[in-house]
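Asks: Numbering (the UniProt record's numbering), first residue to last: 1 to 455.
I am attaching a structure below and will ask some questions about it afterwards.
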């Protein structure tokens, strides 16, 4: 048979193979995407709104700190002055509650005040299971859960863990007293950045594309009950957790911690990815608050001994915006825009000159009814909360962490603070900025007048 004839006979075969190969190649190239979509389907954008609840806090574009870098806050104004809207110039600028110790805060427009501080503040903390160095006969070693914060350099990424608080709302269309969300007094949704699948380069690339296209959240999340439901208490064992010198019992929420959260904290390049003990989430046990003594007013003064949850030492932390602007001006070459959010205060005030708060002893905060345009303060239309200023806030290096990136600056603002704010005779080694407060309230009545802080 002539060679040309053989070639002609093979051409149809080659053509058929090509017809089969092209779609096969297309399907094979799409296979990783199909596998990825199937793997990530549960994480695609869906509504996370807990049933029968509403979210607490202000949206980012509603923040009262949007203008915090305005030069007008660098100077104090007379206490008796008012602004163009008739509002007192000395007033609360912003309120923050920090549900999880050392994690992102929630800005509020109003908050109840309890013995432990603002409602929901520092009621949760992350803890690591620590195995100490071998002990001695007289002092044997023992393992223990130990609270972890951004003070621990390897946990700077905690700044990027973002909680949302959702509380029962009887006006919600899907509200029911039988809902698990209602039985637990609400829900906390915990968000954290999605970490690329660094063990699989192709999967990481596909995740990046999905996030860019808006198909996949840039954050992952999980939810926990604000309080363990009474019928499920056995699922939340009471366990001791070391909080500085105290070791109170707290509810262990380990069952809710997803592996992806640990992946985030242990991502390659993060200091905390080295050998480390297990992590869990604790919730304050209402029967085991930590009593505060130190510089706090005593029971003989208040009628009760002050308590706190997982806060460092006192229920409330106050900062004066002018004071932080003074610090910011001194370290502007290192940090162009030093946000007051680095210092994690509950109450941010405007009006007083820088560091005027250093010498305060007691504060009265009013919630005024009626219009601010009425410049005459009707004493019958206001109700106040008395707050004791217990001591100045002694600063560690935690504010060196940028709350927007979780990156720790090597020196600032700690170095600048130490250069001129080591003013407290109680501890000359540390700089002072802000005030630690104790509210003079023990309980919150279920109906007005409920003690509140309002803007």
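Every residue gets a Cβ at the ideal spot worked out from N, C-alpha and C, and that includes glycine.
All of these numbers come straight from a predicted model, not from anything done at the bench.
Which runs of the beta strand (DSSP E) fall wholly inside the region 343 to 428 and span at least 3 residues, in chain order?
Replies: Segments of the beta strand (DSSP E) lying fully in the region 343 to 428: 347 to 350, 362 to 368, 382 to 395.
Asks: Using 8 Å as the threshold, is the C-beta distance between residue 327 and residue 413 below it?
Replies: Along the chain shown, one-based indexing puts residue 327 at 327. Along the chain shown, one-based indexing puts residue 413 at 413. Yes, they are a contact pair.
Asks: Confirm, please, whether the CB-CB distance from residue 189 to residue 56 is below 8 Å.
Replies: Numbered from its first residue, the chain shown carries residue 56 at position 56. Numbered from its first residue, the chain shown carries residue 189 at position 189. Their beta carbons are not under 8 Å apart, which means residue 56 does not touch residue 189 by this criterion.
Asks: Does the contact criterion of 3 or more C-beta pairs under 8 Å hold for the region 351 to 367 versus the region 75 to 84?
Replies: Contact between the region 351 to 367 and the region 75 to 84 is present, because at least three Cβ pairs lie under 8 Å.
Asks: Suppose contacts are defined by Cβ-Cβ distances below 8 Å. Is residue 147 in contact with residue 158 by that definition?
Replies: For the purposes of this step, residue 147 is taken as the residue at position 147 of the chain shown. For the purposes of this step, residue 158 is taken as the residue at position 158 of the chain shown. No, the pair does not count as a contact, with Cβ atoms beyond the cut-off.
Asks: Please report the straight-line C-alpha distance between residue 407 and residue 156, rounded to a whole angstrom.
Replies: Here the question's residue 407 lines up with position 407 in the chain shown. Here the question's residue 156 lines up with position 156 in the chain shown. Cα-Cα distance, rounded: 7 Å.
Asks: What three-state label does DSSP hand residue 311 in the structure shown?
Replies: On the chain shown, position 311 is the one that residue 311 refers to. In this structure, residue 311 counts as coil in the three-state DSSP scheme.
Asks: Roughly how many angstroms separate the alpha carbons of residue 435 and residue 304, rounded to a whole number?
Replies: Here residue 435 refers to the residue found at position 435 when the chain shown is read from its first residue. Here residue 304 refers to the residue found at position 304 when the chain shown is read from its first residue. Straight-line Cα distance between these residues: approximately 21 Å.
Asks: Is there contact between the region 289 to 307 and the region 113 to 121, where contact requires at least three CB pairs shorter than 8 Å?
Replies: In short, these stretches touch, since the Cβ pair count reaches three.
Asks: DSSP three-state call for residue 96: helix, strand or coil?
Replies: Numbered from 1 along the chain shown, position 96 holds the residue referred to as residue 96. In this structure, residue 96 counts as strand in the three-state DSSP scheme.
Asks: Mind checking who residue 158 pairs with in its DSSP beta bridge?
Replies: Within the chain shown, residue 158 is the residue found at index 158, counting from 1. DSSP lists no partner for residue 158.
Asks: Cutting at 7 Å between CB atoms, please list the residues of its own chain near residue 98, excluding the five before and the five after it.
Replies: Here residue 98 refers to the residue found at position 98 when the chain shown is read from its first residue. The residues are 105, 121, 122, 344.
Asks: If you check the beta carbons only, do residue 321 and residue 348 fall under 8 Å apart?
Replies: Position 321 of the chain shown holds residue 321. Position 348 of the chain shown holds residue 348. Yes.
Asks: If you follow the beta strand (DSSP E) that residue 316 is part of, which residue opens it and which one closes it?
Replies: Working through the chain shown from its first residue, we reach residue 316 at position 316. Taken as a continuous stretch (DSSP letters only), the beta strand (DSSP E) holding residue 316 covers 316 to 320.
Asks: Here's a check: name, in chain order, each residue in its chain whose Cβ is nearer than 8 Å to the Cβ of residue 185, leaving out the five neighbours to either side.
Replies: Reading the chain shown from its first residue, position 185 is the one you call residue 185. Around residue 185: 167, 168, 225, 226, 227.
Asks: Taking all protein chains shown into account, decide if residue 282 is buried (16 or more other Cβ within 10 angstroms of its Cβ) or exposed.
Replies: If you number the chain shown from 1, residue 282 lands on position 282. The residue is buried, with at least 16 neighbouring Cβ atoms inside 10 Å.
Asks: When the Cα atoms are used, what is the spatial distance from residue 86 to residue 298?
Replies: Counted from its first residue, the chain shown places residue 86 at position 86. Counted from its first residue, the chain shown places residue 298 at position 298. Roughly 38 Å between the two C-alpha positions.
Asks: Alpha carbon to alpha carbon, how far is residue 440 from residue 64?
Replies: Here residue 440 refers to the residue found at position 440 of the chain shown. Here residue 64 refers to the residue found at position 64 of the chain shown. Answer to the nearest angstrom: the Cα atoms are 26 Å apart.
Asks: Pick from 400, 366, 126, 90: whose alpha carbon is nearest that of residue 279?
Replies: Locating residue 279 in the chain shown gives position 279, counting from the first residue. When only C-alpha atoms are compared, the closest one is 126.
Asks: Which residues in the same chain have their Cβ closer than 7 Å to the Cβ of residue 261, if we skip the five residues on either side of it in sequence?
Replies: Here the question's residue 261 lines up with position 261 in the chain shown. For residue 261, where only same-chain residues beyond five positions count, the Cβ hits under 7 Å are 192.
Asks: Taking residue 161 as the reference, which of 110, 100, 365, 358 has the closest Cα?
Replies: For the purposes of this step, residue 161 is taken as the residue at position 161 of the chain shown. The shortest C-alpha separation from residue 161 is found at 100.
Asks: Considering only the beta carbon of each residue, do residue 358 and residue 394 sit closer than 8 Å?
Replies: Locating residue 358 in the chain shown gives position 358, where the first residue counts as 1. Locating residue 394 in the chain shown gives position 394, where the first residue counts as 1. No. Outside cutoff.
Asks: Using 8 Å for Cβ pairs, my map puts residue 187 next to residue 50. What's the rounded Cβ distance?
Replies: Working through the chain shown from its first residue, we reach residue 187 at position 187. Working through the chain shown from its first residue, we reach residue 50 at position 50. At roughly 4 Å, the Cβ-Cβ gap stays under 8 Å, so residue 187 and residue 50 are in contact.
Asks: Based on Cα-Cα distance, which residue from 62, 129, 420 lies nearest to residue 144?
Replies: As a first step, residue 144 must be located in the chain shown, where it is residue number 144. For the residues 62, 129, 420, the minimum Cα distance to residue 144 belongs to 129.
Asks: In chain order, what residues of the same chain have a beta carbon less than 8 Å from the beta carbon of residue 374, not counting five sequence neighbours either side?
Replies: Residue numbering aside, residue 374 sits at position 374 when the chain shown is read from its first letter. Here the model assigns residue 374 a pLDDT of 47, short of 50, so the residue's position is not dependable and the matter cannot be decided.
Asks: Looking at C-alpha atoms only, which residue of 294, 293, 365, 307 is the closest neighbour of residue 284?
Replies: Against the chain shown, residue 284 aligns to sequence position 284. Nearest C-alpha to residue 284: 307.
Asks: Provide the residue span of the alpha helix (DSSP H) that contains residue 72, from first to last.
Replies: Sequence index remark: in the chain shown, residue 72 carries index 72 (1-based). No alpha helix (DSSP H) holds residue 72; DSSP gives it neither H nor E.
Asks: Suppose only complete runs of 3+ residues qualify. What are the beta strand (DSSP E) ranges in the region 193 to 232, listed by chain order?
Replies: Complete beta strand (DSSP E) runs here, min 3: 219 to 225.
Asks: According to DSSP, simplified to helix, strand and coil, what is residue 340?
Replies: Taking the first residue of the chain shown as 1, we reach residue 340 at position 340. It is helical.
Asks: Which residues does DSSP list as the beta-bridge partners of residue 144?
Replies: Translated into the one-based positions of the chain shown, residue 144 becomes position 144. Paired residue(s): 130.
Asks: Helix or strand or just coil, what does DSSP make of residue 180?
Replies: Within the chain shown, the letter at position 180 stands for residue 180. If DSSP states are grouped into helix, strand and coil, residue 180 belongs with the helices.
Asks: Distance, Cα to Cα, residue 235 vs residue 277?
Replies: Within the chain shown, the letter at position 235 stands for residue 235. Within the chain shown, the letter at position 277 stands for residue 277. C-alpha separation (whole angstroms): 22 Å.
Asks: Residue 117 bridges to which residues according to DSSP?
Replies: Along the chain shown, read from residue 1 onward, the residue named residue 117 stands at position 117. Residue 117 pairs with 114.
Asks: Is it buried or exposed for residue 178, if we count other Cβ within 10 angstroms and need 16 for buried?
Replies: In the chain shown, residue 178 corresponds to position 178, counting from 1. Exposed: under 16 other Cβ atoms inside 10 Å.
Asks: May I have the straight-line CA-CA distance separating residue 152 from residue 248, to the nearest angstrom?
Replies: Residue 152 sits at position 152 when you count from the first residue of the chain shown. Residue 248 sits at position 248 when you count from the first residue of the chain shown. One C-alpha to the other measures close to 21 Å.
Asks: Roughly how far, in whole angstroms, is the beta-carbon of residue 54 from the beta-carbon of residue 172, given that I think they are within contact range, below 8 Å?
Replies: The residue you call residue 54 lines up with position 54 of the chain shown. The residue you call residue 172 lines up with position 172 of the chain shown. Rounded, the Cβ-Cβ distance is 7 Å, consistent with contact.
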